[in-house]
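Taking my numbering, the leading residue of the sequence shown gets 300, the next gets one more, and so forth.
All residues carry an ideal CB built from backbone N, CA and C; glycine is no exception.
As the structure is a computational prediction, the values presented were derived from the model and not from experiment.
To start, the structure under review is shown below, and the notes come after it.
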Amino acid sequence: MPEIVINAREAAIGPGMKVNRILPFRKRRMVGPFIFMDHAGPVSLGTEKGKDMDVLPHPHIGLSTVSYLFKGKVTHRDSLGVKQIIEPGEVNWMTAGKGIAHSERFEDPAVLAGGQLEMIQTWVALPEKDEESDPTFLNYQKDRLPVFEEKGIWMRQIAGEAYGLKSNVPTHSPLFYLHVELKKGYRLDVPLGYEERGLYVAKGTLALGSQQYTKGQLLVFSKEEQANIFAQEDCTLMLLGGDPVGERFIWWNFVSSRKERIEQAREDWKQGRIDLPPDDKDTFIPLPDDKFRRKDPPPEALS
């Protein structure tokens, strides 16, 4: 049986954007190196409300953000000058390292109508040796990610290695991350070989032994726990986990092994020392509960 079952909670990440927040949870902060997980959608809004969904430029340190879409499209911009539209089945893997800012905008209003936007975003904490690395951004189109399919099951290896599949997305520590479609009446073993493992039910209902689990629940397993799940209806699952990277502090969008580094990042963002995306720098998200507002970043923030 799972060590713990985490029920998603509603969280607001912008004026018009509410998500289901899975990690972190007060009784379980991380699963392997995964320290954050949000499930957004399916979203259905009138086309006139599309701008309310935009996530304005905001900073990160000490982590990799991993964006994965089931439906819709999102435009990513970051302080490296990258502009990338991500579509379903692709992976945006942005490593913040010592500091980066990015935005996520929904520039095609049509995708917000009729529930045409659904995405998962996770954060992967970096090992201490990589926390101050230079920021990077990579997009992997779906034909570059390994897929396995047989009767009743389909899976895409987003990152890491499991079930004999290995993704070419570079990671900084041992982990696995998969999108799985499991048809009603079929079974699947949760992969072994990692210290911590999780299974998130994005859609459907499944059974494990005599217990039933449904949409919005994350099941967390220890290394030794054998887990054979049975789909009681068609299920969309996200499997993730890996080996722990050690204690991490998290505040807002900052992750670090050192409290004082987060304090430094707070001040860096407040003073404009983290660059904004060069073609998306007119607005930004200020520090939470912070009265500071800069109309334009100082010259050094644009270099």
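In this structure, DSSP gives ASP429 a helical state, which the three-state scheme calls helix.
Here ARG565 carries a helix assignment [DSSP, helix/strand/coil]. Contact check between the segment 399-418 and the segment 444-456: fewer than three CB pairs, one atom from each, fall below 8 Å, which does not count as touching. Runs of beta strand (DSSP E) with 3 or more residues, each lying fully within the segment 396-473, are found at 399-404, 416-424, 435-439, 446-449 and 452-461, listed in chain order. In the three-state DSSP reduction, ARG572 falls in the coil class, being neither helix nor strand.
In this structure, GLY497 sits away from PRO332, with a CB-CB distance that is not shorter than 8 Å. The distance from the Cβ of ILE528 to that of LEU491 is about 14 Å, inconsistent with a contact at the 8 Å cut-off. Contact annotation, GLU532 with GLY508: C-beta distance approximately 18 Å; criterion of less than 8 Å not satisfied.
Short of 7 Å from the beta carbon of PRO587, and not among the five residues preceding or following it, lie these beta carbons of its own chain, in chain order: TRP551. Remark: C-beta atoms of ARG327 and ILE305 approach each other more closely than 8 Å. Non-local C-beta neighbours of TYR499 in its own chain, meaning closer than 6 Å and more than five positions away in sequence, comprise LEU517 and MET537, ordered along the chain. Taking 8 Å as the upper bound for CB-CB distance, VAL554 and TRP392 are not in contact here, some 15 Å apart. The residues SER555, LYS558 and ILE561, in chain order, have a CB closer than 6 Å to that of PHE548 in the same chain once the five nearest residues on each side in sequence are set aside. Between GLU417 and PHE369, the alpha-carbon positions lie close to 5 Å from each other. With 16 or more neighbouring CB atoms inside 10 Å of its own CB, GLY396 falls in the buried class. DSSP lists VAL519 as the bridge partner or partners of ILE303.
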